[in-house]
Amino acid sequence: EVDLGSLPSDSGLRPQISSYGSKNDEVRRAYLQKGPCQPRDHDFPQSLIGEKMRRFNKVLFNKYFTRLEYSITDDAAYCLYCYLFNPSGKTFVNIGFTEKIKKKFNTHVGAHSSAHNKARRNCEALMNQKQHIHTIICRQSYRARQEYRTRLNASVDCVRFLLRQGMTFRQNDEYENSKNQGNFLELLKFLGNHNEDIDNVTLCNAPENQHMTAPKIQKDIVNASAIETTNAIIKELGNGLFSILVDEARDISSKEQMAVALRFVNREGCVIERFIGIVHVSSTTSLSLKMAIEALFSKYGLSLSSIRGQGYDGASNMQGEFGALKSLIIKENKSAHYIHYFLFYFSFAHQLQLALVSTAKNHVHVALLFNIVTNLLNIVGASCKRRDQLRDKHAERVLKALENNGLVTGKGLNQEIGFKCPGDTRWGSHYGTLINLIIIFPDIIGVLDIITVDGSNSEHRGEACALMEALQCFDFVFCLHLMHDTLGITNELSQALQRKEQDFVNAMRLVNISKQRLKDMRENFWDSLLDEVSLFCNKQNIIVPKMDDMWVPRGRSRRRVQGLTNSNYYHIEVFYTVIDMQLLELNDRFTEVNTKLLLCMACLNLINHFFLFNTGDLVSFIKFYPNDFSTADLIELKNQLETYIIDMRSDIEFTEVNDIGELAKRMKEKNKDKLYPLVYMLLKLALILLVSTYTVEKAFSAMPVIKNRLRNQMGDQWMNDISVTYIEKDIFNVIDNEAIIQWFQNMKTRRTLL
1 EVDLGSLPSD SGLRPQISSY GSKNDEVRRA YLQKGPCQPR DHDFPQSLIG EKMRRFNKVL
61 FNKYFTRLEY SITDDAAYCL YCYLFNPSGK TFVNIGFTEK IKKKFNTHVG AHSSAHNKAR
121 RNCEALMNQK QHIHTIICRQ SYRARQEYRT RLNASVDCVR FLLRQGMTFR QNDEYENSKN
181 QGNFLELLKF LGNHNEDIDN VTLCNAPENQ HMTAPKIQKD IVNASAIETT NAIIKELGNG
241 LFSILVDEAR DISSKEQMAV ALRFVNREGC VIERFIGIVH VSSTTSLSLK MAIEALFSKY
301 GLSLSSIRGQ GYDGASNMQG EFGALKSLII KENKSAHYIH YFLFYFSFAH QLQLALVSTA
361 KNHVHVALLF NIVTNLLNIV GASCKRRDQL RDKHAERVLK ALENNGLVTG KGLNQEIGFK
421 CPGDTRWGSH YGTLINLIII FPDIIGVLDI ITVDGSNSEH RGEACALMEA LQCFDFVFCL
481 HLMHDTLGIT NELSQALQRK EQDFVNAMRL VNISKQRLKD MRENFWDSLL DEVSLFCNKQ
541 NIIVPKMDDM WVPRGRSRRR VQGLTNSNYY HIEVFYTVID MQLLELNDRF TEVNTKLLLC
601 MACLNLINHF FLFNTGDLVS FIKFYPNDFS TADLIELKNQ LETYIIDMRS DIEFTEVNDI
661 GELAKRMKEK NKDKLYPLVY MLLKLALILL VSTYTVEKAF SAMPVIKNRL RNQMGDQWMN
721 DISVTYIEKD IFNVIDNEAI IQWFQNMKTR RTLL
């Protein structure tokens, strides 16, 4: 079997056509349907030819649009026709050509009887099924063709419905006497019962070998639907610039799947995010991920040189690989700037603390802290009875403290405190959990003590006993207060970033303040943290180790001590290391380059009638995109910006515009994109760069629907085809049945013609 959906588009990566054996014609059809590889938006590299630096001229695509191909891998030209039907040829077939392509290609085409023209005629004959020997032998009547079209159209309708709903197609038992033949056949019967024309030509009334219901037929129709959907997305993108959004997750069969989406501005000035595919990656190294993306791009004629932004999930378990992937792409394309899942009003703030917690968990003590907290929540918060016991313990302790004048009274003070599980996508939830744990620590110990005696079974009693021992340990208390203090600093930033009225300038200032506070904490707050932890331990009767004693790891022999004192270990190995991890994470998310980019983009913000507009910063903005603006554009932009801002502030049509996405659409509607082309280009780049997680997260939300426990053996191509049509329903819905039928018909030689 040959996976026709995964055939490499890049001419330099294709195997010989003869290597496909009996599947040659199917592969040829697939390539002819797809068309030649012509990456028109690629940044073609220069090379020394003779005495001059030359590069491939994409104008040649217009002259030879059906046959000339360009290989990004080889930086050379090839001929599609000759690859398919003249494998013995050398130049433009097995060896790409780079010098004086126009002149050489005309020579290659040659006269009417040349090898190239013979290959061209063979390609035309292959795609003309009326000339196929099978068709000539099996002449069909007009009525037979009409009935075939009706059957095929009914099957497409059934497939369309099942794809939109994400439903299964088949059943284990599909025999005629089965009570449930599966969704596809049952739906086809339903259509026949309600449409006499369909009923007369389908299932029992269809010729034996033309039911159009076989599993291979279903897969071909789904594949044709996915190809037409993706082609519509690529057509919508055109030759424009885009950002790439990548995320990964494991499916039900424990395969690593990488979802890829594109973000771009369409011809109407609207920001569009489209899912283009899900790829199984057997290796998760950065180089393998890049190769998988390049293979996907090659499949659709896209180029890495058109990328103007990258977005990856920094909280993913592959964040290290994604970081290296980001660097590999930037090395190849300097304009592919990385902004971590930003929207104009910072919708990524809900992920900031999650990523910081995830980073800190790389330290074994912090990982143990959150593991204990999770287990504690499972024990104490597992039932209403335990929660009631916790409330009673807390209320009893507060009442006793009030009687002894140990607490300050007042409105809103000494309220009931719960103990909730930290949510991975909730702002400050980890920070809030740690605060509550510190406040109700003695009450939790009291509840655990009750469980050790009155637990429903020995397993619960044992877990409660182990948790009491883990909680009443200096290591746990130290990490608890350390993470409370570090997350407290970044929590202020996270809270600020989620406010819609917050502007870029103040947000970036808060980023720098958070970094500075962490640095100050690292240098000056060790003693105060140690005093705070010691005081807490003394109140809770927890033994505080002497800092001058030798540090002994728990559960290890004293003979294997590393020669560190307790002071050195907690100060350097824990305190310094955790804070440094937080600083590295913030520096990775807010690099010097993307901070400058965001500050420049802030000038496009419409807040307070373009209050942040600054010509100098916007001129600096284009310096990040040297391939998109010339030196002349830099000079012209200054004058264009001055005219633009006066026009915007005085035009009543733009006073009600709220964000730059709406601004771009309004400029397109009023033809101001032609009046201020450089400013509009700045807007497009800003909108492309402001990436979000929505589309790739939607892909992984769809994955359990598409590939579930009962469909865990689903192939990669089958899963990708269903995912594309299911996720991009709005595109799939407008694709006509006729387009799907024509693609299906041309995929291989069919018994009946349309």
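Per UniProt numbering, residue 1 is the first one in the sequence shown, and the count goes up by one each step. Using N, Cα and C, we set each Cβ at its ideal position, and we do this for glycine too. All figures in this text were calculated on a predicted structure; none of them were measured in a lab.
May I have the straight-line CA-CA distance separating residue i from residue j, to the nearest angstrom?
i	j	result
His-194	Ala-144	22 Å
Phe-105	Gly-166	48 Å
Cys-465	Val-373	15 Å
Ser-528	Leu-535	11 Å
Ser-286	Leu-325	5 Å
Tyr-576	Arg-709	45 Å
Asp-628	Ile-622	8 Å
Asn-375	Leu-467	8 Å
Leu-753	Gln-745	8 Å
Ile-645	Met-53	41 Å
Glu-186	Cys-82	46 Å
Tyr-70	Gln-38	6 Å
Val-453	Gly-309	58 Å
Gly-311	Asp-721	24 Å
Leu-402	Glu-656	Unreliable positioning characterises Leu-402 in this predicted model, as indicated by a pLDDT of 46, which lies under 50. The coordinate reading is nonetheless provided below. So the two alpha carbons sit approximately 55 Å from each other.
Asn-457	Val-380	15 Å
Gly-12	His-365	51 Å
Met-127	Arg-164	31 Å
Asp-633	Asn-183	59 Å
Thr-284	Glu-256	8 Å
Cys-600	Leu-618	6 Å
Is it the case that the Cβ atoms of residue i and residue j are separated by a distance below 8 Å?
i	j	result
His-337	Val-593	yes
Ile-198	Ala-154	yes
Leu-586	Ser-514	yes
Ala-232	Pro-8	no
Tyr-300	Ile-276	yes
Ala-206	Arg-151	yes
Asp-443	Leu-482	no
Asn-86	His-116	yes
Ser-303	Ile-72	yes
Ile-740	Val-201	no
Phe-242	Arg-263	yes
residue 756	Gly-269	In this structure the chain extends from 1 to 754, so residue 756 is not present and cannot be described.
Leu-77	Leu-68	Here residue 77 turns out to be Ala, not Leu, going by the sequence shown. Yes. Within cutoff.
Asp-247	Phe-700	yes
Lys-748	Glu-273	no
Ile-49	Thr-98	yes
What do you get for residue i, buried or exposed, if any count of 16 or more other CB atoms within 10 angstroms of its CB means buried?
i	result
residue 757	The chain is shown from 1 up to 754; residue 757 falls before or after that span and cannot be answered.
Arg-589	buried
Glu-738	exposed
Pro-704	exposed
Thr-66	exposed
Pro-677	exposed
Cys-603	buried
residue 770	Because residue 770 is not part of the residues shown, which for the chain are 1 to 754, the question remains open.
Asp-520	exposed
Ile-635	exposed
Ala-125	exposed
Thr-725	buried
His-42	buried
Trp-427	Per-residue confidence for Trp-427 stands at a pLDDT of 38, beneath the threshold of 50, marking its modelled position as unreliable; the derived number appears in the next sentence. When all chains shown are included, Trp-427 counts as buried.
Asp-531	exposed
Could you name the residues that DSSP lists as bridge partners for residue i?
i	result
Thr-565	Met-550
Ala-249	Gln-257
Lys-52	Ile-49
Phe-275	Ala-261
Phe-97	Ala-77
Gln-310	Ile-244, Tyr-338
Leu-68	Cys-79
So, under 8 Å CB-CB, residue i and residue j are touching, yes? Tell me the CB distance rounded to an integer number of Å.
i	j	result
Lys-34	Trp-718	About 19 Å separates the two Cβ atoms, so there is no contact after all.
Tyr-570	Phe-478	6 Å
Ile-244	Ile-307	5 Å
Pro-45	Asp-75	6 Å
Ile-221	Val-159	5 Å
Ile-292	Met-258	Before going further, note that residue 292 is Ala rather than Ile in the sequence given. At roughly 6 Å, the Cβ-Cβ gap stays under 8 Å, so Ala-292 and Met-258 are in contact.
Leu-471	Ile-445	7 Å
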